Amino acid sequence: MNAMEEHCRDLLQNWRQQLNLNRREQGVLAGALKLLDRQLERLQTGTLRISVFGRVGVGKSSLVNALLGQKLMATDVAHGCTRQQQAVSWPRDVAGLQKVELVDTPGIDEVDAPARARLAARVALHADLVLLVLDADITRVELEALDTLQTMGKPVLTVLNRCDCWPEDQLPDLLRSIRSRLPAGLPPPLTVSAAPRQAVQLNDGRIRSREQPADVGALEIALCRLLEQRGQSLLLLNSLRQATTLQRQLEAGRLQRRRREAQGLIGRYAALKATGVAANPLMLLDLAGGFACDAALVRQLCSLYGLPLGGPAARKLIRQLSGQNALLGGAQLGLQVALGSLRQLLLLAAPFSAGLTLAPAAPVALAQAALAVHTTRRTGRMTARWLLEERGRGRRLQPGPATLMRRLARSNRGIVELMQEWPQPQSRPPLPSLLP
């Protein structure tokens, strides 16, 4: 692990220690927190996990047994022997890592498409590296699962098992076909024979198959080389992925709660401003009170979204509010002045008209109140948008996991190549859905 990776690891651990959750958030995110803490423990101890993934009956358990050098995983001629994930230690010393675990997984074609996608996502979440095992040309089911893995930024190696079952003149064509259908950036499949068998003739003339030694040398060499060069990077990347997912879930929940609170806050200030405008007969006091009400609303929203308003930030917000709302704001101010002047004239004329001019004053006051509600809601919404955009730019005292991932991407191109897709598609809800 280089200096940048060590620095990111320390910052990630500090971020986790300083993560301040309320009781509700702790309950909602309990599962994700537990997974993240386990991953951070593996990062600290240098324990890397490799998931063996694929369809039913492609020989995943046999491949794990071949890598282990002993039959620890159950295998059977009947498909679907593995019903849940099983982890065992790989008895190979890998420089830079204390331990490597091999994880056998259920077949991906035993369930329907939505459940298959969830299984692939769960495997990707728990694994630092995935071995996608094939036994023939790659199928639609396998490509869909591979797409899920890549969408989550999971490093994948493809392995073609049972190569001994293919004639030597057909195997190159099969490998070319698989490679042509793999997404760009994935290395070509590695060929293995996890549990080869050879036909033999018994003394009585009957033909039987006899088990032969496994041939997984090419895969072992490739794994050892990759883990020695990038093992710590794989652990750090998976830790950052899990932390980023947790961070986005946390922020999405908080933003939705802030949206509801902001709606209530804007509604209260709109009602206060409308009441004051409707009840107050003096136009100048209406304008002054309206500006004061909007200013107080902006300050309250800044406090709600956790971004103090002051200095350059205040000037930037004022410029944005005035720039985006100049035309409408001028029209609204003109309408407010006109309505206020009209109401004052009607009130002044009341003694001379035996109070008849007071009747039109009420609709004018209601129109002023409606306009005040509209301007207050617009000001609040524009302020909330600006605050959300400021938060989206990552202005934090402590960098979060997503920021650390971007730093790694800029500093080490080799890490980007491991991820296949960079950066991960944003899972944050669209901005309009967060606005009050």
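Just so it is clear: in the sequence shown, position 258 is 254 by the numbering used here, and no numbers are missing.
Ideal Cβ placement from N, Cα and C applies to all residues, glycine included.
Quantities reported herein were computed from a predicted structural model and do not represent experimental measurements.
Proximity below 8 Å, CB of residue i to CB of residue j
{"i": "G396", "j": "Q243", "result": "yes"}
{"i": "L297", "j": "A258", "result": "yes"}
{"i": "V137", "j": "L182", "result": "no"}
{"i": "S229", "j": "L8", "result": "no"}
{"i": "G92", "j": "R237", "result": "no"}
{"i": "L25", "j": "Q252", "result": "no"}
{"i": "L261", "j": "C289", "result": "no"}
{"i": "L15", "j": "L231", "result": "no"}
{"i": "F49", "j": "V96", "result": "no"}
{"i": "A111", "j": "A141", "result": "no"}
{"i": "G201", "j": "V90", "result": "no"}
{"i": "M401", "j": "T240", "result": "yes"}
Nonlocal neighbours in the same chain, by C-beta distance under 6 Å from residue i, ignoring five residues either side
{"i": "T187", "result": "L156, C159"}
{"i": "E207", "result": "R193"}
{"i": "A62", "result": "A190, A210, V212"}
{"i": "T375", "result": "D290"}
{"i": "E1", "result": "L232"}
Nearest-angstrom Cα separation, counted from residue j out to residue i
{"i": "L222", "j": "L293", "result": "56 Å"}
{"i": "S85", "j": "V60", "result": "10 Å"}
{"i": "Q35", "j": "R381", "result": "35 Å"}
{"i": "D143", "j": "L219", "result": "22 Å"}
{"i": "P168", "j": "L32", "result": "42 Å"}
{"i": "T78", "j": "Q146", "result": "Its pLDDT being 45, under 50, T78 is placed unreliably by the model, and the measurement read from it follows with that caveat. If you take the alpha carbons of T78 and Q146, they lie about 24 Å apart."}
{"i": "Q13", "j": "L29", "result": "12 Å"}
{"i": "R88", "j": "T379", "result": "58 Å"}
{"i": "A405", "j": "T154", "result": "24 Å"}
{"i": "G53", "j": "H3", "result": "43 Å"}
{"i": "P372", "j": "T271", "result": "A quick correction: the sequence has Thr, not Pro, at residue 372. Roughly 13 Å between the two C-alpha positions."}
{"i": "L178", "j": "P184", "result": "8 Å"}
{"i": "R377", "j": "G27", "result": "34 Å"}
{"i": "R5", "j": "N18", "result": "25 Å"}
{"i": "A214", "j": "L121", "result": "27 Å"}
{"i": "L233", "j": "A83", "result": "21 Å"}
{"i": "R20", "j": "R250", "result": "11 Å"}
{"i": "Q166", "j": "L68", "result": "33 Å"}
{"i": "W11", "j": "E216", "result": "36 Å"}
{"i": "L300", "j": "R403", "result": "29 Å"}
{"i": "E37", "j": "Q22", "result": "19 Å"}
{"i": "R51", "j": "A180", "result": "22 Å"}
{"i": "R114", "j": "S407", "result": "33 Å"}
Same chain, Cβ closer than 8 Å to residue i, neighbours up to 5 away in sequence not counted
{"i": "Q94", "result": "T41, G42, T43"}
{"i": "L170", "result": "A132, D133, L156, W162"}
{"i": "L139", "result": "R177"}
Residues near residue i in its chain [Cβ-Cβ closer than 7 Å; skip 5 each side]
{"i": "G55", "result": "V129, D131, N157, R158, A190, A191"}
{"i": "N(-2)", "result": "none"}
{"i": "L198", "result": "R204"}
{"i": "V196", "result": "R204, R206"}
{"i": "E224", "result": "V90, A91, G92"}
{"i": "R264", "result": "none"}
{"i": "L393", "result": "For L393, the predicted model reports a pLDDT of 47, less than 50, meaning its position is unreliable; a value from the coordinates is still stated below. There are no such residues."}
Report task. Specify whether the stretch 162 to 169 and the stretch 93 to 107 touch according to this definition: at least 3 beta carbon pairs, one from each stretch, less than 8 Å apart. Result -> no
**Report entry** Completely contained beta strand (DSSP E) runs for the stretch 192 to 268, where each covers 3 or more residues
**Finding:** 193 to 197, 203 to 207
Query raised in the report: For the 8 Å Cβ check, are there 3 or more pairs between the stretch 88 to 101 and the stretch 177 to 192?
Result: no
**Report entry** the stretch 174 to 181 in contact with the stretch 127 to 146 per 3-pair CB rule at 8 Å
**Finding:** yes
Requested in this report: Flag this pair as touching only if the stretch 119 to 127 and the stretch 45 to 54 have three or more C-beta atom pairs under 8 Å; answer yes or no.
Outcome: yes
Query raised in the report: Mind pulling the alpha helix (DSSP H) runs of 4 or more residues that sit fully within the stretch 86 to 149?
Result: 109 to 122, 136 to 147
Query raised in the report: What alpha helix (DSSP H) runs, 4 residues minimum, are completely inside the stretch 33 to 76?
Result: 56 to 64
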